[in-house]
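Residue numbers (my numbering): 305 to 718. Ideal placement from N, C-alpha and C gives every residue a C-beta, glycine not left out.
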Amino acid sequence: MTNYEYAKAKYAELGINTDLAMDILKDVPVSIHCWQGDDVSGFDSKEALSGGIQTTGNYPGKATTPDELMADIDKAFSLIPGKKKLNLHASYAIFEGGEYANRDALLPKHFAKWVKFAKERGMGIDFNPTFFAHPNVKDNLTLSSPDEATRKFWVEHGKACLKIAEYFANETGEPCVINYWIPDGYKEIPADRLGPRARFKKSLDEILSIPYDKSKVYVTLESKVFGIGLESYTVGSAEFCLSYSTKAGITPLMDNGHYHPTEVVSDKISSLLLFNEKIALHVTRSVRWDSDHVVILDDETREIAKEIVRNDALNRVFIALDYFDASVNRIAAWVVGARNMQKALLSALLLPSEQLRGYQDDANYTKMLALSEELKTFPFGEVFDEYCKRVGAPVGMSWIDEVDEYEREVLSKR
Ligand code: RNT
Ligand code: ZN
């Protein structure tokens, strides 16, 4: 009996079909963020990262050109099992032959190289306008700025990106999720909380007034509780973003680093599923603040995966990763976080959810607790190894040797 056969038999005792779980998982897209590869630097401006987000660490070998970033993405993606989408930011526009376009004038052609890259690999693309790290961010404000020229500039950016999202969807044949997140906020207690939010609302209305194909482009709106240097007030708060999404018929996005420390996104998913056709997630790990550490297989990541799977919402939740760690090998950071997302989803697919729900409804909390705990030591790793084998991804720690070799041959020579 192989290790996998043993695991399969063990899960089968609970009525769980491990083969089916793997089959489902291999088609669940996880959107992987390009910005892990270069500490959110992008290619379109020399500005330092801003917007209240921060990358810490100085690990050598960071990608500084489109070709380097693409090579790194290829390496990382080859070590991650499952279906992937490429998540780009507008700041990753690629200008050729000395041309340049400011953020309000970005065009599909500035992303043609990314489209070619994605098409050659059979991947869809998701997108994010970039409302930070740019000289036109005035006093930490963009779409909520009281300065009309600034606000207009960023509205034009939002519109330009929406057109690019549609171009991605048309070219790749896969829907494009475009996520709007603005850093706008104040360090000090504001004298006017309503004004900035009213302007943000107006700006979003203006952006979304342009026609786009709603069957191919999903607009999401990401909220946040605070940013570095923006501690007292953020314009795009949870209440604002949720209310706006509902009213405008767009999709709310929850980043699990964007809430008060004892609030958990896993508890919010079911409520949002009841009132939205689709919802979107940024999966991250916040350590004491929205630190964007690499995703690990912690309780909350597993709980998030459980909520998606047991509510039968794998095709209603857009799962994206959002972290940026510059203190370890950046390729390894991508791989660890993405493999952990896959592990969390697989372990959720291997739960006897009906049985556990039955215990809850029968008020048999004793058995609900006991079985939940017992499942934690089931031979899950054997199933994950088998999954990796089946989808042609490296098994166990073997992927780290490839990262080491890539560091020696490529990264260390940059
Ligand atoms: C910032 C948000 C946002 C960014 C990316 C780079 O707190 O989480 O999603 O991390 O757009
Ligand atoms: Zn995010």
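Could you say if the region 611-623 and the region 646-662 meet the contact criterion of at least three C-beta pairs nearer than 8 Å? Touching, yes.
According to DSSP, is Glu400 helix, strand or coil? Along the sequence shown, one-based indexing puts residue 400 at 96. Note: Glu400 maps to coil in three-state DSSP.
Cβ-Cβ separation, Ser716 to Gly365 (assumed contact under 8 Å), whole Å: To locate residue 365, count along the sequence shown from 1; it is residue 61. To locate residue 716, count along the sequence shown from 1; it is residue 412. Contact between Gly365 and Ser716 is confirmed by a C-beta separation of about 6 Å, below the 8 Å threshold.
Return the residue from the list Met374, Val523, Met645 and Trp593 that minimises the CA-CA distance to Asn580. Within the sequence shown, residue 580 is the residue found at index 276, counting from 1. The shortest C-alpha separation from Asn580 is found at Val523.
Cα-Cα, which of Gly696, Lys528, Leu508 and Ile398 is closest to Asp559? Taking the sequence shown and counting its residues from 1, one reaches residue 559 at position 255. Ranking Gly696, Lys528, Leu508 and Ile398 by Cα distance to Asp559 puts Lys528 first.
What does the shell around ligand 2 hold, if a residue joins when its beta-carbon is under 5 Å from any heavy atom? Cβ-based neighbours of ligand 2 within the cut-off: Asp559, His586 and Asp626.
Consult DSSP for Thr476 and reduce its assignment to one of helix, strand or coil. Locating residue 476 in the sequence shown gives position 172, where the first residue counts as 1. Three-state result, Thr476: helix.
Classify Lys388 as helix, strand or coil using the three-state DSSP reduction. Sequence index remark: in the sequence shown, residue 388 carries index 84 (1-based). Reduced to three states, the DSSP call for Lys388 is strand.
Integer Cβ distance of Ser448 from Arg503, believed to fall under 8 Å: As a position in the sequence shown, residue 448 is number 144, starting the count at 1. As a position in the sequence shown, residue 503 is number 199, starting the count at 1. Yes, they are in contact, since the Cβ atoms of Ser448 and Arg503 sit about 5 Å apart, within 8 Å.
Proximity below 7 Å, CB of Glu460 to CB of Val521: As a first step, residue 460 is located in the sequence shown; it is residue number 156 there, counting from the start. As a first step, residue 521 is located in the sequence shown; it is residue number 217 there, counting from the start. In this structure, the beta-carbon distance from Glu460 to Val521 does not fall below 7 Å.
Would you call Lys551 buried or exposed, if buried means 16 or more other Cβ atoms sit within 10 Å of its Cβ? Residue numbering aside, residue 551 sits at position 247 when the sequence shown is read from its first letter. In the assembly as shown, Lys551 is an exposed residue. Its beta-carbon has fewer than 16 other beta-carbons within 10 Å.
Taking buried to mean at least 16 other C-beta atoms within 10 Å of its own C-beta, is Met305 buried or exposed? Within the sequence shown, numbered from 1, the residue matching residue 305 stands at position 1. Note on Met305: under 16 other CB atoms within 10 angstroms of its CB, so exposed under the neighbour-count rule.
Asn444: beta carbon under 6 Å from a heavy atom of ligand 1? As a first step, residue 444 must be located in the sequence shown, where it is residue number 140. Result no, Cβ not under 6 Å from ligand 1.
DSSP state of Tyr563, grouped into three classes? On the sequence shown, residue 563 is found 259 positions in, with the first residue counted as 1. Annotated three-state conformation of Tyr563 is coil, per DSSP.
From Pro439, Asn432, Gln340 and Lys572, residue whose alpha carbon lies closest to that of Ile486: Counting from one through the sequence shown, the residue named residue 486 turns up at place 182. The residue with the shortest Cα to Cα distance from Ile486 is Asn432.
When burial is assigned at 16 or more other CB atoms within 10 Å of the CB, is Ile493 buried or exposed? Numbered from its first residue, the sequence shown carries residue 493 at position 189. Exposed, since its Cβ has fewer than 16 Cβ neighbours within 10 Å.
For Leu653 versus Ile384, is the C-beta distance shorter than 7 Å? On the sequence shown, position 349 is the one that residue 653 refers to. On the sequence shown, position 80 is the one that residue 384 refers to. No, these two residues do not count as a Cβ contact at 7 Å.
Using a Cβ-Cβ cutoff of less than 7 Å, which residues in the same chain neighbour Asn619 once the five nearest sequence positions on both sides are dropped? As a first step, residue 619 is located in the sequence shown; it is residue number 315 there, counting from the start. Hits under 7 Å: none found.
What residues in its chain sit with their C-beta under 8 Å from that of Asp602, if we drop five residues either side in the sequence? Your numbering for residue 602 matches position 298 in the sequence shown. Contacts found: Arg589.
Minimum C-alpha distance to Ser595 - residue among Gly319, Thr360, Ala316 and Glu317: Residue 595 sits at position 291 when you count from the first residue of the sequence shown. Of the candidates Gly319, Thr360, Ala316 and Glu317, the residue whose Cα lies closest to the Cα of Ser595 is Thr360.
Terminal residues of the beta strand (DSSP E) in which Tyr516 lies: Here the question's residue 516 lines up with position 212 in the sequence shown. Counted as a single uninterrupted DSSP element, the stretch harbouring Tyr516 is not any beta strand (DSSP E), since DSSP gives it neither H nor E.
Please classify Ile608 as buried or exposed, where buried requires at least 16 neighbouring CB atoms within 10 angstroms. Looking up residue 608 in the sequence shown gives position 304. Of the other Cβ atoms in all chains shown, 16 or more fall within 10 Å of the Cβ of Ile608; this residue is therefore buried.
If you compare alpha carbons, which of Lys647, Val481, Phe399 and Trp638 is closest to Lys582? Counted from its first residue, the sequence shown places residue 582 at position 278. In terms of Cα proximity to Lys582, the closest of Lys647, Val481, Phe399 and Trp638 is Val481.
With DSSP as the reference, label Leu625 as helix, strand or coil. Indexing the sequence shown from 1 puts residue 625 at position 321. Leu625 carries a strand assignment under DSSP once its states are collapsed to helix, strand and coil.
Does the distance between the C-beta of Trp593 and the nearest non-hydrogen atom of ligand 1 fall short of 6 Å? Within the sequence shown, numbered from 1, the residue matching residue 593 stands at position 289. Not one heavy atom of ligand 1 sits closer than 6 Å to the Cβ of Trp593.
Which residues in the same chain have their Cβ closer than 7 Å to the Cβ of Lys423, if we skip the five residues on either side of it in sequence? Start at 1 with the first residue of the sequence shown, and residue 423 comes out as number 119. Here the set comprises Glu475 and Thr476.
So the candidates are Tyr310, Pro556 and Val332; which of them puts its Cα closest to the Cα of Thr322? Here residue 322 refers to the residue found at position 18 of the sequence shown. It is Tyr310 whose Cα lies nearest to the Cα of Thr322.
Which first and last residues belong to the alpha helix (DSSP H) in which Leu546 is found? Taking the first residue of the sequence shown as position 1, residue 546 is located at position 242. Here the alpha helix (DSSP H) through Leu546 covers Ala542 to Ala552.
Got a sec? Which residues, its chain only, sit under 7 Å from Asn644 by beta carbon, not counting five neighbours each side? Working through the sequence shown from its first residue, we reach residue 644 at position 340. Result list for Asn644: Val599, Ile600, Leu601 and Thr605, in chain order.
Drop a sphere of 10 angstroms on the beta-carbon of His564, count the other beta-carbons inside from all chains shown, and report buried for 16 or more, exposed for fewer. Counting from 1 along the sequence shown, the entry for residue 564 is found at position 260. For His564, the number of other beta carbons within 10 angstroms of its own is below 16, and it is reported as exposed.
Compute the Euclidean distance between the alpha carbons of Ser541 and Pro556, then round it to the nearest angstrom. Taking the sequence shown and counting its residues from 1, one reaches residue 541 at position 237. Taking the sequence shown and counting its residues from 1, one reaches residue 556 at position 252. Distance between the alpha carbons of Ser541 and Pro556 is about 12 Å.
Distance, Ile357 Cα to Trp418 Cα: Along the sequence shown, one-based indexing puts residue 418 at 114. Along the sequence shown, one-based indexing puts residue 357 at 53. Between Trp418 and Ile357, the alpha-carbon positions lie close to 25 Å from each other.
Does the distance from the CB of Tyr537 to the CB of Tyr490 come in under 7 Å? Sequence index remark: in the sequence shown, residue 537 carries index 233 (1-based). Sequence index remark: in the sequence shown, residue 490 carries index 186 (1-based). Contact flag set, yes.
Determine contact between the region 332-352 and the region 387-398, defined as no fewer than three beta-carbon pairs at a distance below 8 Å. A contact between stretches requires three or more CB pairs, one per stretch, nearer than 8 Å, and the region 332-352 meets this requirement with the region 387-398.
Cβ pair count under 8 Å reaching 3, the region 621-641 against the region 703-718: Of all C-beta pairs linking the region 621-641 to the region 703-718, three or more are shorter than 8 Å, placing the two stretches in contact.
When the Cα atoms are used, what is the spatial distance from Met672 to Trp458? Mapped onto the sequence shown, residue 672 falls at position 368. Mapped onto the sequence shown, residue 458 falls at position 154. Within the model, the alpha-carbon separation for Met672 versus Trp458 is close to 51 Å.
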